[in-house]
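Step one of this worksheet: look at the structure below.
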Amino acid sequence: MKIIEPFCQISQIEAKSEAKPNLVLIHGWGLHGGIWETLIPQLELDYKVFNIDLPGFGRSPVSNGTYDLDYLVESVVSILPEKCNILGWSMGGLVATQVSLKYPDKIERLITVASSPSFLANSKNPNGLDDAVLETFIQYLSEDFRGTLVKFLSIQTMGSKTQKEDIQRLKETVFLHGTPAEKALAGGLNILKESDLAESLKSLRMPLLRVYGKLDTLVPARSIASIDKLAPKSEKELFLKSGHSPFLSQTPEFIDCINRFIAKPIETE
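Start counting the sequence shown at 618; every next residue gets the next number (this note's numbering).
Written out as structure tokens, the structure reads:
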């Protein structure tokens with residue numbers, strides 16, 4: 618399948634001194650790069666930011682053929698700089714992780730936000746989502762994909778101390794560049810259902826930071842311990858007042874967390 622380069626907004630701000638580190642942002646299911654809009658001015662003070670719209674979302678077209686994790690990985694890699702730090706939220710965390718596994722020489726550091734190597738419950742992640750939950754959304758998507766999308770976004774904000782503000786932000790963002798492609802929505806849900814990178818985490822060669830919200834209902838805090846065992850060398854940060862979108866609920870603390878992690882020298886074995 619021919620890969621069409623996705624839309625990517627790249628920082629045009631020149632560094633004051635030496636070159637800034639590259640930071641690639643990958644959004645989650647149903648949304649697009651606009652979800653990072655309130656963070657980018659602050660991030661651009663320290664990084665050259667690459668804000669990607671995954672295929673079928675935002676301003677990115679979608680190709681013919683299978684819409685799966687490998688397709689998203691190759692789309693992202695087609696516009697990556699030679700070296701970068703990569704940050705993925707929710708489904709974007711799966712994409713960022715698989716990019717890091719498949720193209721480790723390009724990735725300096727990996728950051729996953731409210732993500733899991735396997736979103737569904739299994740032996741490695743007993744506290745994941747019940748298969749019936751995603752099956753229900755897949756069924757509803759074919760009947761009323763716009764309503765299903767809004768409902769899924771609402772679930773993402775459940776538990777957050779800033780739920781009202783978070784859901785308003787998500788709703789304002791989701792249709793900003795038109796309606797997501799139905800193929801991308803359905804394919805994305807299948808990616809969440811079928812992907813299982815649990816056994817691969819130990820193969821990661823770069824530093825990994827895992828960020829969670831204590832009030833998250835999609836990637837619950839009780840699942841963190843099982844992921845600790847899969848990535849024992851990784852770092853983690855738990856935001857106590859956040860649900861599935863800690864970068865919206867606790868933006869200053871989130872940016873500080875990212876800055877601290879990227880500022881650490883990379884240890885060579």
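By construction, the Cβ of each residue, glycine as well, lies at the ideal position given by its N, Cα and C atoms.
Runs of alpha helix (DSSP H) with 4 or more residues, each lying fully within the segment 790-846, are found at 799-811, listed in chain order. Listed in chain order, the beta strand (DSSP E) runs fully inside the segment 663-725 are 665-669 and 701-706, counting runs of at least 3 residues. Counting other Cβ atoms within 10 Å of its Cβ, serine 820 stays below 16 and is therefore classed as exposed. Of the residues Val791, Tyr684 and Asn744, the one whose Cα lies closest to the Cα of glycine 764 is Val791. Spanning the alpha carbons of glycine 647 and phenylalanine 674 requires a straight line of approximately 7 Å.
A Cβ-Cβ distance of about 10 Å is found for the pair isoleucine 879 and leucine 660, leaving them out of contact under the 8 Å criterion. Listed in chain order, the non-local C-beta contacts of serine 677 below 7 Å within the same chain comprise Pro623, Phe624, Asp670 and Leu671, local neighbours out to five positions each way being set aside. In the structure shown, glutamine 629 falls within a coil segment according to DSSP collapsed to helix, strand and coil. For lysine 853, the enclosing beta strand (DSSP E) starts and ends at 852-856. Residue environment for lysine 665: buried (at least 16 other C-beta atoms within 10 angstroms of its C-beta). Scanning its chain for C-beta atoms nearer than 6 Å, with the 5 sequence neighbours on each side dropped, one finds around glycine 651 the residues Thr790 and Leu793, in chain order.
Excluding its 5 nearest sequence neighbours in each direction, lysine 853 has C-beta neighbours in its own chain below 6 Å: Arg827, listed in chain order. Residue pairing by DSSP puts isoleucine 643 in a beta bridge opposite Ile669 and Gly705. Burial state of isoleucine 883 is exposed, judged by a 10 Å Cβ sphere holding fewer than 16 other Cβ atoms.
Residue pairing from DSSP places isoleucine 728 in a beta bridge opposite Leu704 and Leu826. Lysine 810 and leucine 686 have their C-alpha atoms some 11 Å from each other. With respect to serine 840, serine 733 sits close: the two C-beta atoms are nearer than 8 Å. For glycine 764, the enclosing alpha helix (DSSP H) has its first and last residue at 762-773. Isoleucine 755 is not a Cβ neighbour of tryptophan 706, given a cutoff of 8 Å.
By the criterion of at least three beta-carbon pairs nearer than 8 Å, the segment 770-789 is in contact with the segment 854-863.
Under DSSP, leucine 737 shares a beta bridge with Leu746. By the Cβ-count criterion, isoleucine 627 is exposed, with fewer than 16 other Cβ atoms from all chains shown falling within 10 Å of its own Cβ. Boundaries of the alpha helix (DSSP H) harbouring phenylalanine 864: 863-866, taken from the DSSP string.
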